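Q: Residue numbers (UniProt numbering), protein chains in the order written: chain F, 1 to 396; chain Z, 1 to 300; chain B, 1 to 294; chain H, 1 to 428.
For every residue, glycine included, the Cβ atom is placed at its ideal position computed from N, Cα and C.
Quantities reported herein were computed from a predicted structural model and do not represent experimental measurements.
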Amino acid sequence: MSAATGTATTPWWQRSTVRVAGGVAVAAVVLFGIAPAVLSDFRLNLLAKFLCLAMVAVGIGLAWGRGGMLVLGQGVFFGIGGYLMAMHMKLADAGPGGVPDFLRLYGDGVVPGWWEPLRSPVVTVLAILVLPAGIAALLGLAVFRRRVRGAYFAILSQALAAAFAILLVGQQKVTGGTNGLNGFRSFFGYDLADPINKRMLYFIAAGVLIAMVVVVRLLMNSRYGELLVAVRDQENRVRFLGYDPANVKVVAYAIAACFAGIGGALFAPVVGIISPADVGVIPSIGFLVGVAIGGRATLLGPVLGAVAVSWAETGLSEQFPSFWTYFQGALFILVVAFLPQGFASLGTLWRRRRGTPADAPDDPPTTHPSAPGSSPDADDDAQHAADSARTAGRHA
Amino acid sequence: MSEQTGTGEPVVPPDATGGLDPEALEAVIAAPGARFRHDYLEIRDLRVVFDGFVAVDGVDLTVTQGDLRFLIGPNGAGKTTIVDAITGLAPAAGSVQFGGVELVGKPSHKIVRAGVGRTFQTASVFDELTVLQNLDIAAGAGRGPWTMLRRRHVVPPEVEAALETVGLTQVRDLPAGVLAHGQKQWLEIGMLLVQDARLLLLDEPVAGMSQAEREETGLLLQRIGEQRTVVVVEHDMEFLRAFASSVTVLHQGRVLSEGTVAQVQADPRVVEVYLGSGAHGRGRGMAASAAEPAASTEVE
Amino acid sequence: MDALFSQLFAGLSLGSVLLLAALGLALTFGQMGVINMAHGEFIMAGAYTAFVLQAFIPDAGVSLLVALPVGFVVGGLLGLLLEVTLISRMYRRPLDTLLVTFGVALVLQQLARDVFGAPNVDVRAPAWLSGAVPFLGMNLPKTRLFILGLAIACVVVLSLVLKLTSLGRRIRATVQNRDLAETSGVSTRATDRLTFFVGSGIAGIAGVALTLLGSIGPTLGTNYIVDAFLVVVVGGIGQLKGAVIAAFSLGLLQATFEYSTTASLAKVLLFVVIVAFLQVRPQGLVSVRTRSLA
Amino acid sequence: MTTHTLPLRTTRKRALALSAAALAAALTLSACGGARTAEGTAGTASASGGASCVDTSGDSIKIGFLNSLSGTMAISEQTVRDSLDLAAEEINAAGGVLGKQLQIVAEDGASEPTVFAEKAEKLISSDCVAAVFGGWTSSSRKAMLPVFESKNSLLFYPVQYEGLEASPNIFYTGATTNQQIIPGMDYLAEQGKKKVFLVGSDYVFPRTANKIINAYAEANDIEIVGEEYAPLGHTDFATIVNKLKSSGADAVFNTLNGDSNVAFFKEYKNVGMTADTVPVVSVSIAEEEVGGIGVDNVVGQLTAWNYYQTVESPENETFVAAFKEKYGENRPTSDPMEAAYTSLYLWKGMVEKAGSFDVAAIQEAADGVSFDAPEGTVTVNGDNHHIAKTAYIGEIGPDGLIYSIWESDGPIEPDPFLEGYDWAEGLS
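1. Which word fits THR39 (chain B), buried or exposed, when buried means at least 16 other C-beta atoms lie within 10 angstroms of its C-beta?
2. Could you work out which residues of chain B lie near TYR152 (chain F), taking near to mean beta carbons separated by less than 7 Å?
3. Check the Cβ of GLN172 (chain F) against every Cβ in chain H and list those closer than 7 Å, keeping chain order.
4. According to DSSP, is GLU165 (chain H) part of a helix, a strand, or is it coil?
5. Between which two residues does the alpha helix (DSSP H) carrying HIS234 (chain H) extend?
6. By DSSP, does GLU329 (chain H) sit in helix, in strand, or in coil?
7. Under 8 Å by Cβ, that's how I've got LEU72 (chain F) and SER157 (chain F) pegged, so tell me the actual separation to the nearest angstrom.
8. Beta carbons nearer than 7 Å to chain F: which residues of the region 108-128 of chain H have them?
9. According to DSSP, simplified to helix, strand and coil, what is ASN139 (chain B)?
10. With distances taken between CB atoms, is the gap from ALA86 (chain F) to ILE274 (chain F) smaller than 7 Å?
11. Does the region 85-103 of chain F come close enough to the region 298-306 of chain F to have 3 or more Cβ pairs within less than 8 Å?
12. For a test of your reading of the model: does the CB of MET273 (chain H) fall under 6 Å from any non-hydrogen atom of the ligand NAP? Yes or no.
13. Run through chain B and tell me which residues come within less than 8 Å of ALA159 (chain F), C-beta to C-beta.
14. Going by C-alpha distance, which of H:GLN180, H:LEU155, H:ASN210 and H:VAL271 is nearest ILE170 (chain H)?
15. Is the region 261-276 of chain H close to the region 307-318 of chain H, with three or more CB pairs under 8 Å?
16. Could you check what DSSP says for ALA181 (chain B) in three-state terms: helix, strand or coil?
17. Can you tell me which of H:GLY300, H:ALA388, H:TYR403 and H:ALA88 puts its alpha carbon nearest to the alpha carbon of SER323 (chain H)?
18. Quickly, what does DSSP pair ALA373 (chain H) with across the bridge? List them, please.
19. How long is the line joining the alpha carbons of PHE70 (chain Z) and LEU103 (chain Z), rounded to whole angstroms?
20. Using the beta-carbon count (16 or more within 10 Å), is PHE267 (chain F) buried or exposed?
21. Take LEU158 (chain B) and list the residues in its own chain whose beta-carbon comes closer than 8 Å to its own, dropping the five residues that flank it on each side.
22. I'd like to know whether the C-beta of ILE285 (chain H) is nearer than 7 Å to at least one C-beta of chain B.
23. What are the start and end residues of the beta strand (DSSP E) that includes SER408 (chain H)?
24. Since ARG145 (chain F) sits in a beta bridge, which residues does DSSP pair it with?
25. In the DSSP assignment, what are the bridge partners of GLN97 (chain Z)?
26. Between F:VAL18, F:VAL336, F:LEU138 and F:ALA48, which lies nearest to ARG199 (chain F) when the distance is taken from Cα to Cα?
27. Measuring alpha carbon to alpha carbon, tell me which residue in Z:PRO157, Z:GLN265, Z:ARG214 and Z:ASP51 is nearest GLY182 (chain Z).
28. Work out the CA separation of ALA143 (chain H) and ARG169 (chain B) for me, nearest whole Å.
29. In the DSSP assignment, find the beta strand (DSSP E) that holds GLN103 (chain H) and state where it starts and stops.
30. Is it true that the region 243-255 of chain B meets the region 167-182 of chain B, where meeting means three or more beta-carbon pairs spaced less than 8 Å apart?
31. From H:ALA166, H:LYS62, H:TYR172 and H:THR72, pick the residue whose C-alpha is nearest to that of ALA130 (chain H); which is it?
32. Going by C-alpha to C-alpha distance, which of Z:VAL166, Z:VAL273, Z:ASP267 and Z:THR260 sits closest to LEU240 (chain Z)?
33. Could one say the Cβ of ARG237 (chain F) lies closer than 7 Å to chain H's Cβ atoms, at least one of them?
34. When the Cα atoms are used, what is the spatial distance from GLY294 (chain F) to VAL216 (chain F)?
35. Tell me, please, whether the CB atom of GLN110 (chain B) is closer than 7 Å to any CB atom in chain F?
36. Sorted by chain position, which residues of the same chain lie with C-beta nearer than 6 Å to HIS234 (chain H)'s C-beta, five sequence neighbours on each side aside?
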């Protein structure tokens, strides 16, 4: 919303391109320059894992923060992406015509026909890009058309995650059951035991994540982005403007699913395993923590939140396993109840305190040099009004 | 969140912006009159039943182009339900035709695309979007995916004109949530205009407006009504007397009386309904207004 | 034939368990729109109440009967605490209550783990509930009959309360039109609190009852919460009869699927059926029409 | 991303020129292109996982304990951690290993396979531990296996499991199938049971175990009258017990895990079945689970393990006494705890036999290392890295402890792939 305001109050089309380019440059320096330089291979791989989780978060930010759809079942799409990639790696490791080990151990020793196409890297990548989005689109059309929304949709998507995990476990012969798929040796032919190639995976994850953020940024500022917010806040009103809100929501839901799928597909080689434990109800809710904490409706909030939470979890749970559970619970409670727009809203508050007009959250304060009084009165009033509105919304 | 901003104090005083600008209206509705010639709303035997409760019971209603029709009646008479039924929000049986197109059974967004626009009792604009964005969305139902996925580079002329018409040019970059109540109502009307609705269904459009704003709104509606088909659900009798060209009185889901303001006011059945049930409830204005017009103004 | 009747009973019994778990939710979710993920942990609290009471009351039967009202109060007080501290400030953000209460659930689980230890604990079933009652050639376990009876009793009492008492009238008024109720002098705040107390209290009763069937451990609640929500979603909000029909339908369906396929597949099939059902009736089996646009 | 043939599939590829090309390539999502530019510059390959960074210079040596202390598996794994701590304390008090005190690096696996993999890597690469002890679920082991293999480090895994695995980098100190499942079935066959019903949780161990049991049954003239799986966390066993009852089974082989056992046994008892008529052999119920199920509900039922708290041996007396002294009188000891305790001593034995903490040296020395464990004498098999163990069938007593009623003729040689059983042909 504040981003939307920003676009309208400033000569957006000139500045935003610069801003996007600047943002990408900063992110690239941090992710491609600083992080690899200061982190050990182990920590870098860990960061790669967090980036994969952040991809899911970016999608959730779009669907939930901007679209108002509380997606409690993103684990499903994460899992589909992950299993597709994992299966491809298992088949590739087995060699042409070979049978992956788990199919021999738990299954009938043959590759089921519907796994066969995944021997091809092209088919695999296409499937990863298309299947999660396609399934989300179909499901979304089914439920959104019938105006299943709000809590109903949230609970349904959660049940979907539960059912998906049970299905994966139950079909052990072809999915590896609770053990999931693991022990990958190569990623599109590149040896995964080689630290250099692991590093490469990190760069891919970082690049993909940046690309996703850029895509979401463009979407947020497009007419579609405005419409999505409109649907979130007044779905029926949008219907009476001649739109079918179902279609509007489906697009965001499918994009979120696609991002989750890609996140899962990279997660598998980065972590070396994908299992039902990564896709069920609990991990699906877990994806939301970072988004809520970072600021669900902002561009970078979900990304930073997801990375920060994962990092904290790894660090804190080492020393205080039971404390971590309390901490996680408390984070949920405090942030959602008292800081619904996440930590991103703290930044806005802080800027307001200092009398600087609030702007888009991804806008560095320095790019907005206008001091109070330097602009025409009307504009100033407008800014104050916008600020108050936002505050009112936040404390609602 | 959005509800909260709605109930909060308006940040911008209504007088900070210009009033309505009827001149600019021409730019929006100056379409050839021929476009609207065959537009009329024809409702036949409309019935709406909720879980056994008959809310609308066999209503016939015809509103022609150029008419400014007011729907009145005591609480529970079925006024809003009829509007809901026309726009696909309530389960309807019977026939509702506009411009020769059958609307019953269509999903809401298709009904809207057939040229029907409506507002709601509580102003429902998109609080977090700016005035401009609100209007832009209203104007854009027919846009292709490619246009949708790009940002807005220029303000569409019909949006520009609508801004002028409803006097919100000055505040076009403010979030709609901070507008005063009356301004929100105008914004809604503006949205109907850019949406190019040929049948406008307005549910209590002047509730919460000052006397001057009502005047302006009434004039605006009259001008729109010259070309398009307009149905207004309203309790404000003074407003009704000033601007209605015809009135339909509903009672318990049925049409009680129909005609000009004078005809309806003289109808003994109407007087009886309003006096009989009428010491309470919002319908009291009809009878009372005959004696004491000034007392009839109600604020939602 | 025998198996058929046994399965019928299994389905009814499963339905009664679902009903007990979901009844309180139907009240809090249906009436207030609050998605309380900690409802499962209130069930857990009820179960631990039964466990603790057993340490003080040696007779298993007496202790179980005492645990039912005490469990109700424990669950209810937890609910009240939650309502007053957190949920009351979030009525305008129903979806957010889901996340907040999930956090509460995490904390309560860990609390149970730290207080009672991670391993399961045992509540002894009273002697008069052991064994089975022969009926039409079947043996119906007494515990399941007890739970079936308890579930029915809860529904009857609750609907009587809703119908006959002033609290009930206030609750129904609030559910149908909150604003109107408020302007008519109903204190919706007090009503909300009471509703939450009662709804959470029923979760406590459910917890006590479930000790007869399953394990008592920190994760007890998570095993039931998704199913309980599905019952409410299928049942529709605002009326108890929806939840009752939904619980028994889902119970019977699950038992049927499970008998003809496997327990895992049954869960998945059940989900498919529910999605298909919501295509037909998106607002659930029964729903109270409200005037609000949103 | 496009397909390409991979001439160097087995060869190690070094990507040196990461910076510019990789950055650009990664940004455009055509990741493979990026890696391929680097492909040509095949550099000098260091050994996979690199030279070990284990520091053996000081007077202490680091080892890692990796168990779930949070999440659903914490219940069980905490007990393993306790006995590992006990063993480490004892060893340190007795002078350490090769004169070095053990320094424990403890990690939480959080009941998630991915976390196990991540923490294993951390223990090996960042903490440079000489060996890791832990894991419980099959999925946690499967997740860690590639890490230990690629980093060439050692894992000691203390839980009975489904077999069909042998990694040079893992020592399996719990039972494999021929030391637990097959003795369990042997016992039922000896008792003249002809109709066995299988019930298990829906995951890898039960499914694999039941695959083996089916093959065994076919060869031994036993009929499997039903095979049912319940999702983990399943709470309503009315239907499954209905099926069990109407199947006419005269014994049940139970591979249910965790909470489900409680619901299963309560239902079993409620419909009026008893251990006298239809005994249940369980392979996942140990002493600490009995309390949670309720002794009333399982008294007289059978279990198959390699250790019970009641095993009569001086080693066990010492172990039980030490454990209770450290953790409290009411804490029982169980098979996985004992196997974990034993695993640390076996590692000590191997290190001392090898005279080195080096992985290769330990692998070399492992064969034949034995330890007088609480369960009896166990010996490491150098070929498959499992250990020879004695099998005990136990009966749950009214005091909640389990008493052995049958035992195998001495320790059974581990046979994870069941190569020694004709009927098992084609299983793996």
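A: This is what the structure gives:
1. The residue you asked about is not Thr; residue 39 (chain B) is His in the sequence shown. Answer is buried; the Cβ neighbour count reaches 16.
2. VAL233
3. VAL204 and ARG207
4. coil
5. No alpha helix (DSSP H) contains HIS234 (chain H), which DSSP labels as neither H nor E.
6. coil
7. 5 Å
8. ASP108, ALA110, GLU112, PRO113, THR114, ALA117, GLU118, GLU121, LYS122, SER125 and SER126
9. strand
10. yes
11. no
12. As far as ligands go, the structure on display features none, and thus does not contain the ligand NAP.
13. VAL226, PHE229, LEU230, PHE271 and ILE274
14. H:LEU155
15. no
16. helix
17. Per the sequence shown, residue 323 (chain H) should be read as Phe rather than Ser. Selected option, being the one with the closest Cα: H:ALA88.
18. H:GLY376
19. 21 Å
20. buried
21. LEU23, LEU27, VAL198, ILE202 and LEU240
22. no
23. Premise fails: SER408 (chain H) is in no beta strand (DSSP E) and is neither H nor E.
24. ARG145 (chain F) is not bridged to any residue.
25. Z:GLU42 and Z:GLU102
26. F:ALA48
27. Z:ARG214
28. 57 Å
29. 101-108
30. no
31. H:LYS62
32. Z:THR260
33. no
34. 16 Å
35. yes
36. SER260
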